[in-house]
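This report concerns only the one structure given below.
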Amino acid sequence: MSAPVTEKKGGFDIRELKNLFGGGGSLKQFGILGALVVIILFFQIWTGGKTLQPGNIINIVQQYSYILILAIGMVMVIIAGHIDLSVGSVAAFTGIIVALAMKDWNFPWWAAIILGLVVGALIGAWQGFWVAYVGVPAFIVTLAGMLIWRGGNQLIGDSATVPVEAQFQVIGKGYLPEIGPNLGFNNLTMLLGVVVVLILIGLEVRGRRTRKVMGASANAVWISVLRVVILGAIVLVAAYLFATGRVGTSFPVSGIILVILVVGYSFLTNNTIIGRHIYAVGGNKHAAELSGVNSKRVNFFVMANMSVLAALAGMIFVARSQASGPFDGTGWELDAIAAVFIGGAAVSGGIGTVAGSIIGGLVMAVLSNGLALKGIQSDLVQIIKGLVLLIAVGVDVFNKTQGRPSIIGLMTRKDKGGAASSDDSTTAEVTPGGGTPDTAVPADLPK
Amino acid sequence: MEQGLNTAPTILEMQSITKEFPGVKALDNVSLTVKASEIHAICGENGAGKSTLMKVLSGVYPFGTYAGDIVYEGEVVRFRDIKQSEAAGIVIIHQELALIPELSITENIFLGNEPGRGGVINWVEAQKEATQLLARVGLDDDPDTQVKNIGVGKQQLVEIAKALNKNVKLLILDEPTAALNENDSQHLLDLILGLKSKGISSIMISHKLNEIEQIADQITIIRDGKSIETLDVKADGVDEDRIIRGMVGRTLGNRFPEHTAEIGEVFFEVRDWTVQHPLTAERLVVKNSSFTVRRGEVVGFAGLMGAGRTELAMSLFGRSYGKFISGQVFKDGKEIKLRTVSEAIDNGLAYVSEDRKALGLNLLDTIKRSIVSAKLRKISKADVVNEIQEAQISEQYRKSLRIKTPTVEEGVTKLSGGNQQKVVLAKWMFTDPDLLILDEPTRGIDVGAKAEIYGIIRDLAAQGKGIIMISSELPELLGVSDRIYTIFEGKITNELTVDKADPETLMRSMTSSSQKVVA
Numbered sequence: 233m234s235a236p237v238t239e240k241k242g243g244f245d246i247r248e249l250k251n252l253f254g255g256g257g258s259l260k261q262f263g264i265l266g267a268l269v270v271i272i273l274f275f276q277i278w279t280g281g282k283t284l285q286p287g288n289i290i291n292i293v294q295q296y297s298y299i300l301i302l303a304i305g306m307v308m309v310i311i312a313g314h315i316d317l318s319v320g321s322v323a324a325f326t327g328i329i330v331a332l333a334m335k336d337w338n339f340p341w342w343a344a345i346i347l348g349l350v351v352g353a354l355i356g357a358w359q360g361f362w363v364a365y366v367g368v369p370a371f372i373v374t375l376a377g378m379l380i381w382r383g384g385n386q387l388i389g390d391s392a393t394v395p396v397e398a399q400f401q402v403i404g405k406g407y408l409p410e411i412g413p414n415l416g417f418n419n420l421t422m423l424l425g426v427v428v429v430l431i432l433i434g435l436e437v438r439g440r441r442t443r444k445v446m447g448a449s450a451n452a453v454w455i456s457v458l459r460v461v462i463l464g465a466i467v468l469v470a471a472y473l474f475a476t477g478r479v480g481t482s483f484p485v486s487g488i489i490l491v492i493l494v495v496g497y498s499f500l501t502n503n504t505i506i507g508r509h510i511y512a513v514g515g516n517k518h519a520a521e522l523s524g525v526n527s528k529r530v531n532f533f534v535m536a537n538m539s540v541l542a543a544l545a546g547m548i549f550v551a552r553s554q555a556s557g558p559f560d561g562t563g564w565e566l567d568a569i570a571a572v573f574i575g576g577a578a579v580s581g582g583i584g585t586v587a588g589s590i591i592g593g594l595v596m597a598v599l600s601n602g603l604a605l606k607g608i609q610s611d612l613v614q615i616i617k618g619l620v621l622l623i624a625v626g627v628d629v630f631n632k633t634q635g636r637p638s639i640i641g642l643m644t645r646k647d648k649g650g651a652a653s654s655d656d657s658t659t660a661e662v663t664p665g666g667g668t669p670d671t672a673v674p675a676d677l678p679k
Numbered sequence: 021m022e023q024g025l026n027t028a029p030t031i032l033e034m035q036s037i038t039k040e041f042p043g044v045k046a047l048d049n050v051s052l053t054v055k056a057s058e059i060h061a062i063c064g065e066n067g068a069g070k071s072t073l074m075k076v077l078s079g080v081y082p083f084g085t086y087a088g089d090i091v092y093e094g095e096v097v098r099f100r101d102i103k104q105s106e107a108a109g110i111v112i113i114h115q116e117l118a119l120i121p122e123l124s125i126t127e128n129i130f131l132g133n134e135p136g137r138g139g140v141i142n143w144v145e146a147q148k149e150a151t152q153l154l155a156r157v158g159l160d161d162d163p164d165t166q167v168k169n170i171g172v173g174k175q176q177l178v179e180i181a182k183a184l185n186k187n188v189k190l191l192i193l194d195e196p197t198a199a200l201n202e203n204d205s206q207h208l209l210d211l212i213l214g215l216k217s218k219g220i221s222s223i224m225i226s227h228k229l230n231e232i233e234q235i236a237d238q239i240t241i242i243r244d245g246k247s248i249e250t251l252d253v254k255a256d257g258v259d260e261d262r263i264i265r266g267m268v269g270r271t272l273g274n275r276f277p278e279h280t281a282e283i284g285e286v287f288f289e290v291r292d293w294t295v296q297h298p299l300t301a302e303r304l305v306v307k308n309s310s311f312t313v314r315r316g317e318v319v320g321f322a323g324l325m326g327a328g329r330t331e332l333a334m335s336l337f338g339r340s341y342g343k344f345i346s347g348q349v350f351k352d353g354k355e356i357k358l359r360t361v362s363e364a365i366d367n368g369l370a371y372v373s374e375d376r377k378a379l380g381l382n383l384l385d386t387i388k389r390s391i392v393s394a395k396l397r398k399i400s401k402a403d404v405v406n407e408i409q410e411a412q413i414s415e416q417y418r419k420s421l422r423i424k425t426p427t428v429e430e431g432v433t434k435l436s437g438g439n440q441q442k443v444v445l446a447k448w449m450f451t452d453p454d455l456l457i458l459d460e461p462t463r464g465i466d467v468g469a470k471a472e473i474y475g476i477i478r479d480l481a482a483q484g485k486g487i488i489m490i491s492s493e494l495p496e497l498l499g500v501s502d503r504i505y506t507i508f509e510g511k512i513t514n515e516l517t518v519d520k521a522d523p524e525t526l527m528r529s530m531t532s533s534s535q536k537v538v539a
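Okay, structure coming up:
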């Protein structure tokens, strides 16, 4: 059982390039990231440059931010081994209450938002109670919720459309304001881009420090620099595009909410105790419980949290469409679930990341947007989206059964010819089984 | 088939089998010759390549994915899948049984091989044949019984009945007795011997060397993917030490660590512990059990499977099993409450489960995260985990416990059984326990890793921790413990210091409650 020992090589070694985006690591979402880049480039060419025009990318963010917000909550639910089908109905239910609160009960816009979040939390607590403490499968609880909250929306709103006031609309339609000298772009948007780049640098430095502590296989410095430069450049170009749109537009407020949530929830899932516990319960509930994890509390938390995010998504949608209607949020649950699975989560739980799900959601968003730009009929769009979901997860499953790490890992290995040398940590993944199944790889069983 | 052993015809010859996975040579020029009516054992450490070899033989790794020839009954065979190897009479029984718990014995036996016509099953026929098959394996249960309602030992027999139904000529058994108690094991071994006398050859993979010594005719030893030697048990006068030497390539010296225990005062005491079965109200799985543990002491718990050892341990550890009825726990003279697992951990208890994969580890996790998972608070501020500390700590354990891995960022699934067990031990050592309950700590682990685990256990005791070690292997209990309790039917039946204990005495107390001892 000779375990391949990874040694850091000095100097410039082109083979290290495969470590650029998670070579051998667990960063599966980078495979999907590659797919996203390909899809963007494809549509950019096909639509004759329309895809990456400022107006269009602003539109994409506004139109899909609420699905991406749902995906954040959904990935946590799915990691814990559950599913939530009620998010669209919860969003609609919250939307109508918030709209009525402002119209009939004279709530100011900020109080209405707080009310909306409270409603989400209460609904989440209700569903979490059934899932965690009664033990009804989440599929059933949220299927019931899907009916209950949809009916609730139509009952309270009398199946009518209720408009919302202009101040409230900012969370769905607003943009970063113009501040400071006129430099030919929106200053705050560029500043946001710079902040994101600084965060990227910080994460990279931190990652290197952690790896150094383990005395293991830190990548060459130039790899880290290259990675930061590439990602940083993408962020800055994106920021520039957002900052130079039609006068009066810039990075949307809903996008800001999304970015804050992505950063916050990535941190929560990776670096906090509750985050670790979600993975532990989803990965092996019994082992987690025997390690002192209160799995009921974890299940309650993910379900409750999902509904709060659904409420937020519902409010952003209502703000953007300027009114709450009886059919808001229909089919959202499926978009959110698709995003999560394209982003590499496992149906059986325990696997998935916030970042991956966001990228998965963006894949779907760019795809829908690009097809719409080309004037493809919506029936065809649905068929294409369905096939993309199937193929994305199919490739993922296939790779897993072959013991391969990710799409990108596969591509780089082939690109470099015989580069799969003994220092390739991915080979450890296919170390053959030993005497007991403990050491056995997921065998490529027949059929 | 009726010839003597030495002149028996060869049934199987695997010639220079080489199987490569990307980057790793799992099998390197392995040869194996099995004669008709022979029990052929394959020995080797975990990861040596035994299972891979059997997967090549049974067509799990189809022809073309390996180099070398398989000659079976005089012809070169090229199996493309399991169906083909089974049609030729080669049946493999995996360590983890492949029966469907909700189906009856009959249904399981004929699964994938149903008698009948045009897709319609002839149940009368099936029933009749099942009864005959069960008689051949010595199982007198009703063939209509659901498999989930019979014990593991009987399930193993059903597997063999299933193999017999396929007209097996060469039976491959992967760790057949790993989950069985002594009685069931013996029954199974007798059955394998019985099959041999009827002309059915067996290949047996086992870590239990005494069993191999008892029934095998030939032993092939595999080490690091190479076939090292084939021994004739009778002619070569093979004993356990000889096999171990071949497996590890060195003499292992004393398998159990030399130790002089510095035993302190009693610090942990359980009084009148009684636990009820989780489903059946009238069934008590632990009855009025009282025992003590001293600082720096390894206390062994001997009992057959189902005697209540695991139930006792798990019910103590935060009531993880069954329904608590009565009993008190004292630590350092004060009564403590252990109502939840977190309470147990906070009170300095740790429980290493007997089922590493189902209860011990999150197999999707990395080594690093697994090691700190039972006490994240220790490296967290305001519920935020300090990843630098996490890396430092897991790295320390990797070094001190010699966990074989390139980095602690690897997934735990990539480790061998022994190394996974070290990760579980590290996970619990990280919680700074005063009392470690180790439930079958060396199950499914190879000889070399076992010795290391024993060393770790004695080290922990030397640090003044109390250890409870539950084990089915008496030599292990006698080699590592300072004092041994025996359990039978949920009751503690005997207590012996290790110098007064011997296998016979223990076995007697493990199989009857007649010996009453004042605890």
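Top line first, the protein sequences correspond to chains S and U.
All residue numbers for the first sequence refer to the working numbering, where the first residue is 233 and numbers rise by one.
All residue numbers for the second sequence refer to the working numbering, where the first residue is 21 and numbers rise by one.
Note that the Cβ used here is the ideal one computed from N, Cα and C, for glycine as well.
Here Gln348/U is exposed: its Cβ has fewer than 16 other Cβ atoms, across all protein chains shown, within 10 Å. Taking Gly477/S as reference, the option from Gln285/S, Phe371/S and Gly607/S with the minimal CA-CA separation is Gln285/S. DSSP lists Ser124/U as the bridge partner or partners of Gln166/U.
Taking 8 Å as the upper bound on Cβ-Cβ separation, chain S lies near residues Ala378, Leu379, Gly380, Leu381, Asn382, Leu383, Leu384, Asp385, Thr386, Lys388, Arg389, Ser393, Ala394, Lys395, Leu396 and Arg397 of the stretch 378-397 of chain U. Under the three-pair Cβ rule at 8 Å, the stretch 553-567 of chain S does not count as touching the stretch 337-355 of chain S. The Cβ of Glu521/S sits closer than 8 Å to at least one Cβ of chain U. Close partners of Tyr511/S in chain U (Cβ separation under 9 Å): Asn382, Leu384, Asp385 and Arg389. Rounded to the nearest angstrom, the gap between the Cα atoms of Ala68/U and Gly434/S is 44 Å. No Cβ of chain S is located within less than 8 Å of the beta carbon of Ile345/U. In this structure Tyr86/U does not touch Val96/U by the C-beta definition: roughly 13 Å separates them, more than the 8 Å allowed. Close to Asn503/S, with beta-carbon spacing below 8 Å, are these residues of chain U in chain order: Val404, Val405 and Glu407. The beta carbons of Ile31/U and Ser222/U sit about 11 Å from each other, so the pair does not count as a contact at 8 Å.
Taken through DSSP and simplified to helix, strand or coil, Asp352/U comes out as coil. For the stretch 42-84 of chain U, the full-length alpha helix (DSSP H) segments reaching 4 residues or more read 70-78 along the chain. The beta carbon of Asn531/S sits no closer than 8 Å to any beta carbon of chain U. For Asn338/S, the three-state secondary structure derived from DSSP is coil. The Cβ atoms of Ala519/S and Leu381/U sit closer than 8 Å to each other. Within the stretch 196-232 of chain U, the complete beta strand (DSSP E) runs of at least 3 residues fall at 221-225. By the neighbour-count definition (other C-beta atoms within 10 Å, threshold 16), Val306/U is a buried residue. Scanning chain S for C-beta atoms nearer than 9 Å to the C-beta of Ala322/U yields nothing, as the closest lies near 23 Å away.
Contact between Val586/S and Ser498/S holds: CB atoms are separated by about 5 Å, below the 8 Å threshold. Judged by DSSP in its simplified three-state form, Val525/S adopts coil rather than helix or strand.
Our two residues, Ala46/U and Met530/U, have alpha carbons roughly 42 Å apart in a direct line. In summary, the residues of the stretch 349-374 of chain U whose CB is separated from some CB of chain S by less than 7 Å are Val361, Ser362, Ile365, Tyr371 and Ser373, in the order they occur in the chain. Against chain S, the CB of Ala87/U has no partner CB under 8 Å away; the residue lies outside that interface. In the structure shown, Phe417/S adopts coil according to DSSP, grouped into three states. For Leu32/U, the secondary structure class from DSSP, reduced to helix, strand or coil, is strand. Taking C-beta separations shorter than 6 Å and ignoring five residues to either side along the sequence, the partners of Ile328/S in its chain run Asn385, Ile388, Gly389 and Ser556, following chain order.
In this chain, the alpha helix (DSSP H) harbouring Trp381/S covers Ala370 to Ile388. Rounded to the nearest angstrom, the gap between the Cα atoms of Lys282/S and Val363/S is 45 Å.
Between the stretch 482-501 of chain S and the stretch 576-586 of chain S there are three or more C-beta pairs closer than 8 Å, enough to call the two in contact. Excluding five sequence positions before and after Asn406/U, the CB atoms of its chain that fall closer than 7 Å to its own CB belong to Ile399 and Ser400, given in chain order. Closest by C-alpha distance to Phe559/S, out of Ile311/S, Gly266/S and Phe325/S, is Phe325/S. Counted as a single uninterrupted DSSP element, the stretch harbouring Ile411/S is not any beta strand (DSSP E), since DSSP gives it neither H nor E. Within the stretch 553-593 of chain S, the complete alpha helix (DSSP H) runs of at least 4 residues fall at 564-574.
Under a 10 Å Cβ-count criterion, Asp628/S is classified as buried, with 16 or more other Cβ atoms of the shown protein chains found around its own Cβ.
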